[in-house]
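What follows is a set of notes on a single structure, which appears directly below.
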Amino acid sequence: MVANQYNSLPRHSASNPVKIKIKLKLREESTEVRTLITHPMDTGRLKNSKGKLIPAHFIQEIKIQHNEEVVATCVIGSPISKNPFLKMRFKGGQRGDIVRISWVDNKGDRGSKEQAIP
Amino acid sequence: MNHIQQRRLLLKGLLSSSLLGVATFLPKLALAAWPKSAFQSTTAASAIQKLEPELTVEKSTEIKIKAPKLAENGSIVWIEISTTIENVESISILVEKNPTPLAAKFILSEKAEAYIYTRIKMRESSPVIALVKANGKLYSAQRNIKVTLGGCGG
């Protein structure tokens with residue numbers, strides 16, 4: 051359990067897994083990365099049906115890597131919409147290159163996914 | 031905090047707390063880079079000041095913000111920011127009238143284009159500020175977005 055804290059394997063519950071969707075598109079001058087991560091992005095200000103505050107629970111960082119090289123680090127807060135969606139572009143991508151998306155939230159949960167440029 | 035103190039704290043934590051205690055302690059170490067004070071600032075000006083305490087903001091016409099003029103649902107408002115300024119280091123988004131205006135800071139490498147698109151929450155109609163850091167300077171542009179139904183809770 052303790053060792054699990056240090057690796058980057060996802061450790062969210064099986065009943066509510068966080069999913070990462072990635073769409074990559076090779077454009078003329080760049081590669082477009084589109085990603086959606088299923089996450090509640092709770093601000094900590096909203097109350098549930100019983101009038102109790104739902105604690106803040108949101109992604110704090112989304113990293114986008116192209117063949118291990120970080121091309122963007124998105125430092126985000128709870129004002130980003132539920133199920134965060136991002137689009138960015140980077141130069142130098144080629145077919146078959148690996149793009150990796152990884153995230154960490156304010157509770158220390160994390161996950162990542164890799165996909166090859168089609 | 032130096033390394034030895036940090037190590038001692040970690041060891042103490044491991045020894046004295048339950049597994050749950052460790053679990054709540056570790057994320058704080060892992061996420062030292064998250065600029066908490068900027069994200070907790072309640073005005074856009076103070077958030078910018080916390081993000082870049084040594085820089086002053088210049089208005090720029092080279093930053094383009096695309097967003098709906100009228101957003102029906104404040105919990106999902108798309109926004110696209112691009113700029114022709116060169117050597118962009120980061121692009122940040124701030125919603126002036128949100129309880130905490132700073133929404134995101136995108137740190138871009140040299141390979142990344144000066145372009146981002148995302149979806150933000152807006153409590154009410156508000157100016158949205160795009161803040162671009164490039165060449166050691168801060169540039170900003172803003173645009174009003176009207177919201178019919180606020181969505182800061184969701």
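For the record, the sequence lines run as chains H and V. Residue numbering for the first sequence follows the working numbering, starting at 51 and increasing by one per position. Residue numbering for the second sequence follows the working numbering, starting at 31 and increasing by one per position. Every residue, glycine too, gets a C-beta built ideally from N, C-alpha and C. A quick note: this is a predicted structure, and the numbers were derived from the prediction, not measured.
ask   = Within 7 Å (strictly less), CB to CB, does A134 of chain V reach chain H?
value = yes
request  = State the CB to CB distance for the pair I106 of chain V and I121 of chain V, rounded to an integer number of angstroms; the pair is presumed to be in contact (CB under 8 Å).
outcome  = Contact doesn't hold; Cβ gap of about 20 Å is too wide.
inquiry  = By the DSSP assignment, the alpha helix (DSSP H) with A74 of chain V in it spans what residues?
reply    = A74 to L81
query = Are the segment 88-100 of chain V and the segment 167-175 of chain V touching, with three or more C-beta to C-beta distances below 8 Å?
reply = yes
query = Who are the near neighbours of K71 of chain H in its chain, counting only those whose CB is closer than 6 Å to its CB and skipping five residues on each side?
reply = L86
N165 of chain V versus K102 of chain H: straight-line alpha-carbon distance, rounded = 47 Å
inquiry  = Starting from Q144 of chain H, trace the beta strand (DSSP E) in both directions and tell me its first and last residue.
reply    = Q144 of chain H -> no beta strand (DSSP E), and no H or E assigned at all.
task = Using a Cβ-Cβ cut-off of less than 7 Å, give me the residues of the segment 140-168 of chain V that come near chain H, in sequence order.
result = K141, A142, E143, Y145, I146, Y147, T148, R149, I150 and K151
key: Test item: CB-CB of F135 of chain H and V121 of chain H under 7 Å   = no
query = How do the segment 137-144 of chain V and the segment 71-83 of chain V stand: do at least 3 beta-carbon pairs fall below 8 Å, yes or no?
reply = no
query = Name the chain H residues whose beta carbon is nearer than 8 Å to that of V125 of chain V?
reply = P129
task = If I'm right that P90 of chain H touches H107 of chain H with Cβ under 8 Å, what's the distance once you round it to whole angstroms?
result = 6 Å
key: Own chain, CB closer than 6 Å to K96 of chain V, minus 5 neighbours either side, in chain order   = E110
message = Is I109 of chain H close to chain V? Criterion is C-beta to C-beta, closer than 7 Å.
response = no
task = Identify, in the order they occur along the chain, each residue of the same chain with its Cβ nearer than 8 Å to the Cβ of T86 of chain V, setting aside the five sequence neighbours on each side.
result = L168
ask   = Applying the criterion that 16 or more other CB atoms from any shown protein chain within 10 Å of the CB defines a buried residue, is G94 of chain H buried or exposed?
value = exposed
inquiry  = The alpha helix (DSSP H) that contains S67 of chain V, what's its start and end?
reply    = K66 to Q70
query = Among residues of its own chain, excluding the 5 on either side of I137 of chain V, which ones have a beta-carbon nearer than 6 Å to its beta-carbon?
reply = S120
query = If you compare alpha carbons, which of H:S99, H:E164 and H:S131 is closest to G180 of chain V?
reply = H:S131
query = So which residues on chain H does N128 of chain V lean against when the C-beta distance must stay under 7 Å?
reply = P129
inquiry  = With H, G and I counted as helix, E and B as strand and the rest as coil, what does DSSP make of T91 of chain V?
reply    = coil
inquiry  = Which same chain residues end up closer than 6 Å to E92 of chain V when comparing Cβ atoms and leaving out the 5 residues on each side of it in sequence?
reply    = T113, T114 and I115
query = Is the distance from the Cβ of V125 of chain V to the Cβ of V158 of chain V below 7 Å?
reply = yes
inquiry  = For S90 of chain V, which residues in the same chain have their Cβ closer than 8 Å to its Cβ, ignoring the five residues on either side in sequence?
reply    = T113, I115, V162, Y169, S170 and A171
ask   = From W153 of chain H to E88 of chain V, what distance separates their C-alpha atoms?
value = 32 Å
query = Nearest chain H C-beta to P57 of chain V closer than 7 Å, yes or no?
reply = Residue placement at P57 of chain V cannot be trusted, given a pLDDT of 47 that sits under 50; what the coordinates show is reported in the next sentence. Yes, its Cβ sits closer than 7 Å to a Cβ of chain H.
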